[in-house]
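Chemist: Shown below is the structure under consideration.
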Amino acid sequence: MKQSEKQIAFLKNIKKEKRIILLFQISLTIIFFLSWEFLSSKGYINSFIYSSPSKIIITIKDLIITNNILKHVFTTVLECLIAFILGTSLGFGIAIIFYLFPITIKIFDPFLTILNSLPKVALGPIIIIMAGANPKSIILTALLTNIIVNISTIYNGFTNTDEVKIKLFKTFKASKRQMLHYLVIPSAYPTIITSLKLNISLTLIGLLPPVGEKIFFNKCYSRY
Amino acid sequence: MNKILQVKNISKTYNTLNGEIEALKDISIDINEGDFTAIIGSSGCGKSTLFNIIIGLENKDNGIIKKNDNLKIGYMLQEDALLPYLTIFENAMIGLKIQKKDNDENKKYVLNLLKEYGLIEFINKYPKELSGGMKQRVALIRTLATRPDLLLLDEPFSALDYQSRIKVADDVYNIIKKEKKTAIMITHDIGEAISLSQVIYVFSKRPAVVKKKYNIKLPNNINSIEKRKCPEFANYYEKIWSDLDETI
Chain A
0 MKQSEKQIAF LKNIKKEKRI ILLFQISLTI IFFLSWEFLS SKGYINSFIY
50 SSPSKIIITI KDLIITNNIL KHVFTTVLEC LIAFILGTSL GFGIAIIFYL
100 FPITIKIFDP FLTILNSLPK VALGPIIIIM AGANPKSIIL TALLTNIIVN
150 ISTIYNGFTN TDEVKIKLFK TFKASKRQML HYLVIPSAYP TIITSLKLNI
200 SLTLIGLLPP VGEKIFFNKC YSRY
Chain B
0 MNKILQVKNI SKTYNTLNGE IEALKDISID INEGDFTAII GSSGCGKSTL
50 FNIIIGLENK DNGIIKKNDN LKIGYMLQED ALLPYLTIFE NAMIGLKIQK
100 KDNDENKKYV LNLLKEYGLI EFINKYPKEL SGGMKQRVAL IRTLATRPDL
150 LLLDEPFSAL DYQSRIKVAD DVYNIIKKEK KTAIMITHDI GEAISLSQVI
200 YVFSKRPAVV KKKYNIKLPN NINSIEKRKC PEFANYYEKI WSDLDETI
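The listed protein sequences derive, respectively, from chains A and B. Residue numbers for the first sequence follow numbering that gives the first Met the number 0, beginning at 0 and rising by one. Residue numbers for the second sequence follow numbering that gives the first Met the number 0, beginning at 0 and rising by one.
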């Protein structure tokens, strides 16, 4: 189909805008790394604490040469994966229970608020005593960091289901299982995706220094 | 005429933290088979509560609902309530799917309805690709798919603009008549009630009581838009307007 000049100009403008955005993003990244390197090498920031891009590159090179990098990356990824899967499935399951039995959320709401406001990182020593100085402690810390937010986000997604659609399903005499399967869960997809994204970052917060790996375990990616 | 539904002396009071709210008081209505009946009343007077009681979503405090045990009731809501993640065909089938009746025969029946009412080209499209009027037609087909004997229409056109509303109301009325269904419609719109119904019940403000019943006598062989031009239409309009005016 032949496009009008106005349409061609419109599409051109959109492409131009995309290019400008990408250019700015790349430039900002380069500026960030160059400034970091400059400030570190000139001593404006403490390179021992803040490191520098060149030091990171050297460390990665060393790890590759000594063949250690995969072992450490694998450990971190595995811990992250376990905590992520546990957090997601437990959060999803508990949110479903709260939705199906509304009295449970009324009972647990204040406890969830307290748990959510606890500084989980500060629980590190208690977790070590409970689970020992091993990967279990790291996973437990990451799980504690992500699960409450996970439950709240998914549960909110469920409760935001359109009341009119719920009524529609009731008029068809839908069971609670059908309501969840055909309406509540699909309607909450955008919230569930947001929760998954949030879960990844919270899991990493639980794993990375000074929270998890650096405290508990010496075979890890973050020690470098 | 055969009475498909009789509502006798229904009352309903809600308990809230701020006290009791009496929604319905001694409501009695009769619905004849094949009739299109309208219930008109001010906002929040309890009309939807009556529908909820008829379909079994809420319990009544007093009174009797007389209906055949096998009477199948379909409910069409204020909004089309189409699921955005399902295609038009899947949306039309959702009631049957929930009731585990999505067999080949019913799929054919739904496809025929979609074809009959000009939606067959859109069966694989999603609701966002349809106009407001088309969505309402899909919502009606979704209700008709379960082959109800009685349709409850809860302000089904309130989300549409005025012009579409008149046109879609006429479409829906014709579909209901063609499928030989009995219908009860809740509406705020006096014109809509007169032009579509054979019987109108006027409800008072809360707690709702039946204030008046009108048997509408307008020619049957003309559409609802033409009915609005009849001299009797204006008479009915005036009477119902004054009934409602007193209730405000």
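We put the beta carbon where it would ideally sit given N, CA and C, even for glycine.
Quick test of your reading: proline 126 of chain B and isoleucine 72 of chain B, contact by CB under 8 angstroms. State the CB separation rounded to the nearest angstrom.
Modeler: Translated into the one-based positions of the second sequence, residue 126 of chain B becomes position 127. Translated into the one-based positions of the second sequence, residue 72 of chain B becomes position 73. 24 angstroms between Cβ atoms; not a contact.
Chemist: Answer with buried or exposed for tyrosine 188 of chain A, where buried requires no fewer than 16 other C-beta atoms within 10 angstroms of its C-beta.
Modeler: On the first sequence, residue 188 of chain A is found 189 positions in, with the first residue counted as 1. Looking at its Cβ environment, which holds fewer than 16 other Cβ atoms inside 10 Å, tyrosine 188 of chain A is exposed.
Chemist: CB leucine 76 of chain B to CB leucine 182 of chain A, shorter than 8 angstroms?
Modeler: Taking the second sequence and counting its residues from 1, the one referred to as residue 76 of chain B is at position 77. Taking the first sequence and counting its residues from 1, the one referred to as residue 182 of chain A is at position 183. Not closer than 8 angstroms, so no.
Chemist: Would you check if the distance between the CB atom of aspartate 29 of chain B and the CB atom of lysine 2 of chain B is smaller than 8 angstroms?
Modeler: To locate residue 29 of chain B, count along the second sequence from 1; it is residue 30. To locate residue 2 of chain B, count along the second sequence from 1; it is residue 3. Cβ atoms of aspartate 29 of chain B and lysine 2 of chain B: closer than 8 angstroms.
Chemist: Give the secondary structure of aspartate 153 of chain B by DSSP, where H, G and I count as helix, E and B as strand, and everything else as coil.
Modeler: For the purposes of this step, residue 153 of chain B is identified with residue 154 of the second sequence, where counting begins at 1. Here aspartate 153 of chain B sits in strand by DSSP.
Chemist: Is tyrosine 181 of chain A close to chain B? Criterion is C-beta to C-beta, closer than 8 angstroms.
Modeler: The residue labelled residue 181 of chain A in the question sits at position 182 within the first sequence. Tyrosine 181 of chain A counts as touching chain B.
Chemist: With a threshold of 16 other CB atoms inside 10 Å of the CB of glycine 205 of chain A, please say whether the residue is buried or exposed.
Modeler: Position 206 of the first sequence, counted from the first residue, corresponds to residue 205 of chain A. That one is buried.
Chemist: Kindly list the residues whose CB is nearer than 6 angstroms to the CB of tyrosine 98 of chain A, restricted to its own chain and excluding five residues on each side of it in sequence; keep chain order.
Modeler: Numbered from 1 along the first sequence, position 99 holds the residue referred to as residue 98 of chain A. Closer than 6 angstroms at Cβ, skipping near neighbours: Phe157.
Chemist: Confirm, please, whether the CB-CB distance from isoleucine 185 of chain B to phenylalanine 35 of chain B is below 8 angstroms.
Modeler: Working through the second sequence from its first residue, we reach residue 35 of chain B at position 36. Working through the second sequence from its first residue, we reach residue 185 of chain B at position 186. Contact: no.
Chemist: Is the distance from the Cβ of serine 163 of chain B to the Cβ of leucine 195 of chain B below 8 angstroms?
Modeler: In the second sequence, the residue the question calls residue 163 of chain B occupies position 164. In the second sequence, the residue the question calls residue 195 of chain B occupies position 196. No, the pair does not count as a contact, with Cβ atoms beyond the cut-off.
Chemist: My parser needs the beta strand (DSSP E) runs of 3 or more residues fully inside the segment 24 to 92 of chain B; what are they?
Modeler: The qualifying runs are 35 to 39, 61 to 66, 72 to 75.
Chemist: If you measure from the beta carbon of proline 185 of chain A to each beta carbon in chain B, is any gap under 8 angstroms?
Modeler: The residue you call residue 185 of chain A lines up with position 186 of the first sequence. Yes, because at least one Cβ of chain B sits closer than 8 angstroms to the Cβ of proline 185 of chain A.
Chemist: Within its chain, find whatever has a CB closer than 6 angstroms to the CB of tyrosine 49 of chain A; leave out the 5 residues flanking it on each side and keep chain order.
Modeler: Here residue 49 of chain A refers to the residue found at position 50 of the first sequence. So no residue of the chain qualifies.
Chemist: Given that glutamate 78 of chain B touches chain A, what residues does it touch there, using C-beta distances under 7 angstroms?
Modeler: Within the second sequence, residue 78 of chain B is the residue found at index 79, counting from 1. Residues of chain A passing the Cβ test: Val163.
Chemist: If you count every other CB in all the chains shown that lies within 10 Å of the CB of valine 72 of chain A, and 16 or more means buried, which is it?
Modeler: As a working note, residue 72 of chain A is residue 73 in the first sequence. It is exposed - the Cβ of valine 72 of chain A has fewer than 16 other Cβ atoms within 10 Å.
Chemist: Kindly list, in the order they appear in chain B, the residues whose Cβ is closer than 9 angstroms to that of lysine 172 of chain A.
Modeler: Here residue 172 of chain A refers to the residue found at position 173 of the first sequence. Neighbours of lysine 172 of chain A on chain B, chain order: Gly55, Ile97, Gln98.
Chemist: By Cβ distance, which residues of its chain are closer than 8 angstroms to threonine 160 of chain A, with the 5 residues on each side in sequence left out?
Modeler: Position 161 of the first sequence, counted from the first residue, corresponds to residue 160 of chain A. Answer for threonine 160 of chain A: Leu182, Val183, Ser186, Ala187, listed in chain order.
Chemist: Who are the near neighbours of threonine 86 of chain B in its chain, counting only those whose CB is closer than 8 angstroms to its CB and skipping five residues on each side?
Modeler: Position 87 of the second sequence, counted from the first residue, corresponds to residue 86 of chain B. Excluding sequence neighbours, threonine 86 of chain B sits near Ile122, Asn123, Lys124, Tyr125.
Chemist: So for alanine 132 of chain A, helix, strand or coil by DSSP?
Modeler: Counting from one through the first sequence, the residue named residue 132 of chain A turns up at place 133. Residue state, collapsed to three classes: coil.
Chemist: Leucine 195 of chain A touches chain B at which residues, Cβ-Cβ below 7 angstroms?
Modeler: As a first step, residue 195 of chain A is located in the first sequence; it is residue number 196 there, counting from the start. Within 7 angstroms Cβ-Cβ: nothing; leucine 195 of chain A doesn't reach chain B, min ~18 angstroms.
Chemist: When the distance is taken between beta carbons, is leucine 151 of chain B closer than 8 angstroms to tyrosine 74 of chain B?
Modeler: Within the second sequence, the letter at position 75 stands for residue 74 of chain B. Within the second sequence, the letter at position 152 stands for residue 151 of chain B. In contact: tyrosine 74 of chain B and leucine 151 of chain B (Cβ atoms closer than 8 angstroms).
Chemist: Measure the alpha-carbon distance for tyrosine 223 of chain A versus lysine 70 of chain A and round it to whole angstroms.
Modeler: The sequence position of residue 223 of chain A within the first sequence is 224, counting from 1. The sequence position of residue 70 of chain A within the first sequence is 71, counting from 1. Residue confidence is low: tyrosine 223 of chain A scores 45 on pLDDT, short of 50, so the model does not pin down where it sits. No coordinate-derived value is stated.
Chemist: Would you say tyrosine 236 of chain B reaches chain A, if we count a Cβ-Cβ gap shorter than 8 angstroms as a contact?
Modeler: Within the second sequence, numbered from 1, the residue matching residue 236 of chain B stands at position 237. By this cut-off, tyrosine 236 of chain B is not an interface position.
Chemist: Do phenylalanine 156 of chain B and isoleucine 38 of chain B count as a contact pair if the criterion is CB distance below 8 angstroms?
Modeler: Counting from one through the second sequence, the residue named residue 38 of chain B turns up at place 39. Counting from one through the second sequence, the residue named residue 156 of chain B turns up at place 157. No, they are not a contact pair.
Chemist: Which class does glutamate 128 of chain B belong to by DSSP, given the choice of helix, strand or coil?
Modeler: Residue numbering aside, residue 128 of chain B sits at position 129 when the second sequence is read from its first letter. Of the three classes helix, strand and coil, the one that applies to glutamate 128 of chain B here is helix, per DSSP.
Chemist: I need the straight-line Cα distance from lysine 135 of chain A to serine 46 of chain A, nearest angstrom please.
Modeler: To locate residue 135 of chain A, count along the first sequence from 1; it is residue 136. To locate residue 46 of chain A, count along the first sequence from 1; it is residue 47. One C-alpha to the other measures close to 32 angstroms.
Chemist: Asparagine 14 of chain B by DSSP, collapsed to three states: which one?
Modeler: Counting from one through the second sequence, the residue named residue 14 of chain B turns up at place 15. Correct three-state label for asparagine 14 of chain B: strand.
Chemist: Would you mind reading off the limits of the beta strand (DSSP E) that contains threonine 75 of chain A?
Modeler: Along the first sequence, read from residue 1 onward, the residue named residue 75 of chain A stands at position 76. Careful: threonine 75 of chain A lies outside any beta strand (DSSP E), inside the alpha helix (DSSP H) at 68 to 99.
Chemist: Go ahead and pull the three-state DSSP assignment for isoleucine 185 of chain B.
Modeler: The residue given as residue 185 of chain B occupies position 186 in the second sequence. DSSP places isoleucine 185 of chain B in strand when its eight states are reduced to three.
Chemist: In angstroms, rounded to a whole number, what distance separates the CA positions of proline 143 of chain A and leucine 117 of chain A?
Modeler: On the first sequence, residue 143 of chain A is found 144 positions in, with the first residue counted as 1. On the first sequence, residue 117 of chain A is found 118 positions in, with the first residue counted as 1. Per the sequence shown, the amino acid found at residue 143 of chain A is leucine instead of proline. Taking the straight line from one Cα to the other gives about 10 angstroms.
Chemist: Following the continuous beta strand (DSSP E) through asparagine 214 of chain B, name the residue where it begins and the one where it ends.
Modeler: Looking up residue 214 of chain B in the second sequence gives position 215. Unbroken beta strand (DSSP E) run through asparagine 214 of chain B: 209 to 214.
Chemist: Quick check: the Cα distance between tryptophan 240 of chain B and glycine 40 of chain B, rounded to an integer number of angstroms?
Modeler: Within the second sequence, the letter at position 241 stands for residue 240 of chain B. Within the second sequence, the letter at position 41 stands for residue 40 of chain B. Each residue's Cα considered, the two are about 10 angstroms apart.
Chemist: Which residues of chain B have a Cβ atom closer than 8 angstroms to the Cβ of phenylalanine 168 of chain A, listed in chain order?
Modeler: If you number the first sequence from 1, residue 168 of chain A lands on position 169. By Cβ distance, chain B contributes Ile97.
Chemist: Could you name each continuous alpha helix (DSSP H) segment of 4 residues or more that falls completely within the segment 31 to 57 of chain A, going from the start of the chain to the end?
Modeler: Taking only runs of at least 4 residues, the alpha helix (DSSP H) segments lying wholly in the segment 31 to 57 of chain A are 46 to 49.
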